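Under our numbering, the first residue of the sequence shown is numbered 48, with each subsequent residue one higher.
All remarks here apply to the structure that follows.
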Amino acid sequence: MQKDLNTIVADVREKVPAIKTRAEFEAYKATISGPKGVLTDVMKGIGKVPKEDKPAMGKAINEAKMAVEAAFATVIEGLEAAELAAKIGPAIDPTLPSPDPARGTLHPIAQVREEMVELFRRIGFSVAEATEVESEHYCFDALNIPADHPARDMQDSYYLPDDLSVNNVSKEGDEKYLLRTHTSTVQIRTMLEEKPPIRIVAPGRCFRRDTPDATHSANFHQIEGLYVDKDVTLLDLKATLDHFVKTIFGPKAKTRLRPSFFPFTEPSYEMDFFSPDLGKLSNKWLEIMGCGMVDPEVFKAVGIDYRVYTGYAFGMGIERIAMILQGVDDIRYYYQNDVRFLKQFA
Ligand code: PHE
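Shown next as structure tokens:
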């Protein structure tokens, strides 16, 4: 009997794929599981089987039934799909708009930017933006950067021609336009527009007259952070930066603030971090950003009362963070648009 069952199942598996219509299917199905079907026959035979063989026989019949039903179910599925296809017509509808071309992925710099912005968003920062063309006032003066500061030198920054007119950026007298050298300009523009409490991050493109090499590019990106409120202290800055570093580089990362100088913060620091799991860069202090408490001179420039409010600010290069995270050792790879490079970050 087991042999009969095997033959039936084998026959079903062989014939079923060739079935093209429901009528064909019904006719074939009748020869197997109809009242006079071969499988039905075998099942009827169980009455004559000795009692001790019945359990084994029952099990064998069940298995055969299941195999046959599964094969039949596939046929039905196929027939239904074919019927539906016949109803809806040819697979191509020339009246539909053309599909979008294959989708790419975010550029590796954009991926890191998004990760950073998202992290700060989760702790209450919103995103601010401003122009890439700036006047000297917003890029330097309002940030307490003195007239003789080297950043203001023609050799260090990209100044635009005097006769250029830029509708959305105002300038006064013989002030010049230039491409912003840092995102700290967004601090000024935000504080002029909003009243404290202010909590923003500003990702954006910056420009400096650097000779390109493995770590310098004339065009690069920064993320600026600014928090202004009553009673903001250095502890708030330190805690926020700790959170940032641990989220981006892992819970074992440590931070350190090293005294430094920026005209727009007082006191000012360079923040370094240290991580045991960074491959080649493990276990050494890496400098990643400038930061400090907003200088009262900056509050004066934007009309915020420095006796009531305090704040902190930080700024860092996105490329620097990306290079550490992605193990890239030459910044120029990011701008060459070589698909072999970009694909590694898909
Ligand atoms: N603007 C500074 C730079 O480009 C970084 C910075 C931002 C430092 C905010 C302190 C506060 O180097």
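No residue lacks a Cβ here, since even glycine has one placed at the ideal position from N, Cα and C.
This one's a predicted model, so the numbers in the text were calculated from it and none came from an experiment.
- One Cα belongs to PRO146, the other to VAL115, and the distance between them is close to 41 Å.
- By the Cβ rule, the region 271-289 does not count as touching the region 198-215, because fewer than three pairs are nearer than 8 Å.
- DSSP places THR68 outside any alpha helix (DSSP H), giving it a letter other than H or E.
- At a Cβ-Cβ threshold of 9 Å, PHE311 and SER182 do not count as neighbours.
- The criterion of a C-beta distance shorter than 9 Å is satisfied by VAL174 and PRO250.
- For HIS229, no alpha helix (DSSP H) run applies, since DSSP gives it neither H nor E.
- Annotation for ASN109: the continuous alpha helix (DSSP H) segment containing it runs 101-135.
- Per the Cβ contact rule, the region 51-58 is in contact with the region 96-114 (3 or more Cβ pairs under 8 Å).
- Listed in chain order, the non-local C-beta contacts of THR262 below 7 Å within the same chain comprise ILE378, local neighbours out to five positions each way being set aside.
- A check of alpha carbon separations from GLY364 across VAL292, GLN269, THR287, THR302 identifies GLN269 as the nearest.
- Taking 8 Å as the cut-off, one finds at least one heavy atom of the ligand PHE near enough to the beta carbon of CYS338.
- Judged by DSSP secondary structure, GLN391 falls outside any alpha helix (DSSP H); it is assigned neither H nor E.
- The Cβ-Cβ distance between PHE361 and GLU241 does not fall below 9 Å.
- About 7 Å separates the beta carbon of ALA189 from that of VAL345, a gap short enough to meet the 8 Å contact definition.
- Bridge partners of LYS301 according to DSSP: PHE321.
- With fewer than 16 other beta carbons inside 10 angstroms of its own, PHE308 counts as exposed.
- Secondary structure of TYR224 (DSSP, three-state): strand.
- If you keep only unbroken alpha helix (DSSP H) runs of at least 4 residues inside the region 267-296, you get 281-296.
- PHE187 carries a coil assignment under DSSP once its states are collapsed to helix, strand and coil.
- Inter-residue distance for GLU73 and ARG387 is about 56 Å (C-alpha atoms, whole angstroms).
- By the Cβ criterion, the region 147-158 is not in contact with the region 88-96, since fewer than three pairs of Cβ atoms, one from each stretch, lie closer than 8 Å.
- Ranking PRO193, GLN234, GLY339 by CA distance to the CA of GLU313 puts GLY339 first.
- Residues ALA265, ARG379 of the same chain have their beta carbon placed closer than 7 Å to that of PRO259, with the five preceding and five following residues left out of the count.
- Sixteen is the threshold: when 16 or more other Cβ atoms of the shown chains lie within 10 Å of the Cβ of PRO155, as they do, the residue is buried.
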